[in-house]
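**Student:** Have a look at the structure that comes next, please.
Numbering (my numbering), first residue to last: -18 to 473.
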């Protein structure tokens, strides 16, 4: 058997952060009808270089944005070309990442066309699409397949990145002003509302010069980001979760960048150091005190984890305790048996492999265990800075917890076993801390958690589920990062 390694979805979280670099100039996509405003820079080509820093000095990557006026069918607009490159020493191993893309946005109606390509090591994915009549019509290209999908949107669409940097795509705002906009995230392909508020004017020192700016705070799904925008309506600085800072730099700064060592900033941001008792291996019950979260961030309760007063109890599920059933509705069946653009459970390649693994058994739990064992044994454990697709994982047979979970859920649904992805935290001996993680759950009369990344047919009590959902929900992790606190009260 493969030795299970520490695998947390750091790569996916970092991907969201990198995507945020695409948001930082208002030429991106916001309509100029906002408050009757005009685009004083709409007719000016721009060539912008931005640095992505962990802390003030550790350059983690760069974003190159080029915009030019571009009219189509007598409609004013702007063409955007973006290139994002990352060479990040993460957990002792360099991860190479490149994202390139183009978009066209109408000056009146916002985003209209987009084409983004992602390459992470040997993994490729491409997203193309148009926006028309309040709907996104897109195609995801992965593992040699084209997967079309549609999403309803508002009449005016903001190109977002899941981290709130939409603040810098607005026309000039005055302190006290609040705006709500629809937002589309090309990293998670999800829609939401962005709340933007101009807090105050501040003077920043940039390259030795005093620059007057407006501080704008953006909230998307509980994720808060701040951006400082100059009077010339360009970003001077943006601060995102995990300590990532976006600053304007020169091409020479990128070329002169020296080899960087892992400063540990990202690692610490993506882990939770527990207080109290030490965490033991092979436990069956774990009692924690969880704090630091606001009232909107409630952990789910089920047969594995439940609340007792101000404590949370986590227990290992065992076959002998399977008598009690949990409710399962028709809407649950619709959600947890259906394919989506990343969990392609209806694809012939997925269905054929799932059937081959399960063999002739008609017992859903036996089939679920067989799927677990196959994924654990055959998927190589490596960090992948990408958005997981079941077809891509089946073709490559490598990845971290995200890839394991997505492939497993696709297999299970292909066999008509209700399944979903749980997102949360798990204990890591290597980190001596809890790390962010993803694992599958299957329904066989009750929801049972497995972990094919670690080879656990019954997930250990150290799995703390924060929520469930497909990739369009995974950005919700950012609302927990840096806030959640854990105290170990009891281990048995």
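Think of the CB as a built atom: it goes at the ideal place given N, C-alpha and C, for glycine as much as any other residue.
Residues in its own chain within less than 6 Å of residue 16 by CB, not counting five upstream and five downstream?
**Tutor:** Stepping through the chain shown from its first residue, residue 16 is reached at position 35. In this prediction, residue 16 has a pLDDT of 35, which is less than 50 and means its spatial position is unreliable; nothing more can be read from the coordinates.
**Student:** Take every Cβ of the stretch 353 to 362, pair it with every Cβ of the stretch 432 to 442, and state whether three or more of those distances are shorter than 8 Å.
**Tutor:** With a cut-off of 8 Å, the stretch 432 to 442 and the stretch 353 to 362 count as touching, because enough Cβ pairs lie within range.
**Student:** Counting Cβ pairs, one atom from each stretch, are 3 or more of them under 8 Å apart for the stretch 318 to 337 and the stretch 388 to 403?
**Tutor:** In short, these stretches touch, since the Cβ pair count reaches three.
**Student:** Would you check if the distance between the CB atom of residue 179 and the CB atom of residue 195 is smaller than 7 Å?
**Tutor:** As a working mapping, residue 179 is identified with position 198 in the chain shown. As a working mapping, residue 195 is identified with position 214 in the chain shown. Closer than 7 Å, so yes.
**Student:** Rounded to whole angstroms, what's the CA-CA distance from residue 220 to residue 395? Just pull it up for me.
**Tutor:** Position 239 of the chain shown, counted from the first residue, corresponds to residue 220. Position 414 of the chain shown, counted from the first residue, corresponds to residue 395. Spanning the two alpha carbons is a distance of roughly 42 Å.
**Student:** As a quick exercise: from 88, 101, 293, 95, pick the residue whose alpha carbon is nearest that of residue 121.
**Tutor:** Locating residue 121 in the chain shown gives position 140, counting from the first residue. Closest option to residue 121, Cα to Cα, is 95.
**Student:** In whole angstroms, what separates the C-alpha of residue 274 from that of residue 348?
**Tutor:** In the chain shown, the residue the question calls residue 274 occupies position 293. In the chain shown, the residue the question calls residue 348 occupies position 367. Straight-line Cα distance between these residues: approximately 38 Å.
**Student:** Rounded to whole angstroms, what's the CA-CA distance from residue 504 to residue 29? Just pull it up for me.
**Tutor:** Because the chain here runs from -18 to 473, residue 504 falls outside it and cannot be looked at.
**Student:** Buried or exposed: residue 446, going by 16 or more other Cβ atoms within 10 Å of its Cβ?
**Tutor:** Taking the chain shown and counting its residues from 1, the one referred to as residue 446 is at position 465. Buried, by the Cβ-count rule.
**Student:** What is the DSSP secondary structure of residue 158, reduced to helix, strand or coil?
**Tutor:** The sequence position of residue 158 within the chain shown is 177, counting from 1. Residue state, collapsed to three classes: coil.
**Student:** Would residue 413 be called buried (16 or more neighbouring beta carbons within 10 Å of its own) or exposed?
**Tutor:** For the purposes of this step, residue 413 is taken as the residue at position 432 of the chain shown. Under this definition residue 413 is an exposed residue.
**Student:** So, for residue 47: in the same chain, excluding its five sequence neighbours on each side, which residues have a beta-carbon less than 6 Å away from its beta-carbon?
**Tutor:** The residue labelled residue 47 in the question sits at position 66 within the chain shown. Excluding sequence neighbours, residue 47 sits near 28, 62.
**Student:** Report the residue from 118, 259, 470 whose alpha carbon sits nearest the alpha carbon of residue 322.
**Tutor:** The residue given as residue 322 occupies position 341 in the chain shown. Residue 322 has its Cα closest to that of 118, out of 118, 259, 470.
**Student:** Which residue from 324, 325, 266 puts its Cα closest to that of residue 299?
**Tutor:** Taking the first residue of the chain shown as position 1, residue 299 is located at position 318. Among 324, 325, 266, the Cα nearest to that of residue 299 belongs to 266.
**Student:** Looking at the unbroken alpha helix (DSSP H) that takes in residue 317, where does it start and where does it end?
**Tutor:** Here residue 317 refers to the residue found at position 336 when the chain shown is read from its first residue. From DSSP, the alpha helix (DSSP H) with residue 317 extends over 311 to 317.
**Student:** Between which two residues does the alpha helix (DSSP H) containing residue 486 stretch?
**Tutor:** A question about residue 486 goes unanswered here, because the residues of the chain that appear run from -18 up to 473.
**Student:** Quick one: grab the DSSP three-state call for residue 16.
**Tutor:** What you label residue 16 is simply residue 35 of the chain shown in a count that begins at 1. Low local confidence applies: a pLDDT of 35 at residue 16 is under 50, so the model's placement there is unreliable, with the coordinate-based value given in what follows. Note: residue 16 maps to helix in three-state DSSP.
**Student:** If the criterion is Cβ atoms closer than 7 Å, does the pair residue 262 and residue 468 meet it?
**Tutor:** Here the question's residue 262 lines up with position 281 in the chain shown. Here the question's residue 468 lines up with position 487 in the chain shown. Cβ distance not < 7 Å, so residue 262 and residue 468 don't count as in contact.
**Student:** What do you get for residue 385, buried or exposed, if any count of 16 or more other CB atoms within 10 angstroms of its CB means buried?
**Tutor:** Taking the chain shown and counting its residues from 1, the one referred to as residue 385 is at position 404. Result: buried.
**Student:** Enumerate in chain order the residues of its own chain whose CB-to-CB distance from residue 380 is below 7 Å, with the five nearest sequence positions on each side excluded.
**Tutor:** The count along the chain shown starts at 1 and reaches residue 380 at position 399. Correct list, in chain order: 360, 363, 365, 369, 374.
**Student:** With DSSP as the reference, label residue 105 as helix, strand or coil.
**Tutor:** Walking along the chain shown from the start, residue 105 turns up at place 124. Strand at residue 105.
**Student:** For residue 448 and residue 290, what's the separation of their Cα atoms in angstroms?
**Tutor:** Within the chain shown, the letter at position 467 stands for residue 448. Within the chain shown, the letter at position 309 stands for residue 290. Distance between the alpha carbons of residue 448 and residue 290: 20 Å.
**Student:** Roughly how far, in whole angstroms, is the beta-carbon of residue 51 from the beta-carbon of residue 85, given that I think they are within contact range, below 8 Å?
**Tutor:** Here residue 51 refers to the residue found at position 70 of the chain shown. Here residue 85 refers to the residue found at position 104 of the chain shown. Sure, about 6 Å apart at Cβ, within 8 Å.
**Student:** Measure the alpha-carbon distance for residue 67 versus residue 32 and round it to whole angstroms.
**Tutor:** Position 86 of the chain shown, counted from the first residue, corresponds to residue 67. Position 51 of the chain shown, counted from the first residue, corresponds to residue 32. The alpha-carbon atoms of residue 67 and residue 32 are separated by roughly 10 Å.
**Student:** Looking at the strands, I want to know which residues DSSP matches up with residue 432.
**Tutor:** In the chain shown, the residue the question calls residue 432 occupies position 451. 437, per the DSSP bridge assignment.
**Student:** Suppose you measure from the CA of residue 378 to the CA of residue 371; what does that come to, to the nearest Å?
**Tutor:** Residue numbering aside, residue 378 sits at position 397 when the chain shown is read from its first letter. Residue numbering aside, residue 371 sits at position 390 when the chain shown is read from its first letter. Approximately 10 Å between the Cα atoms of the pair.
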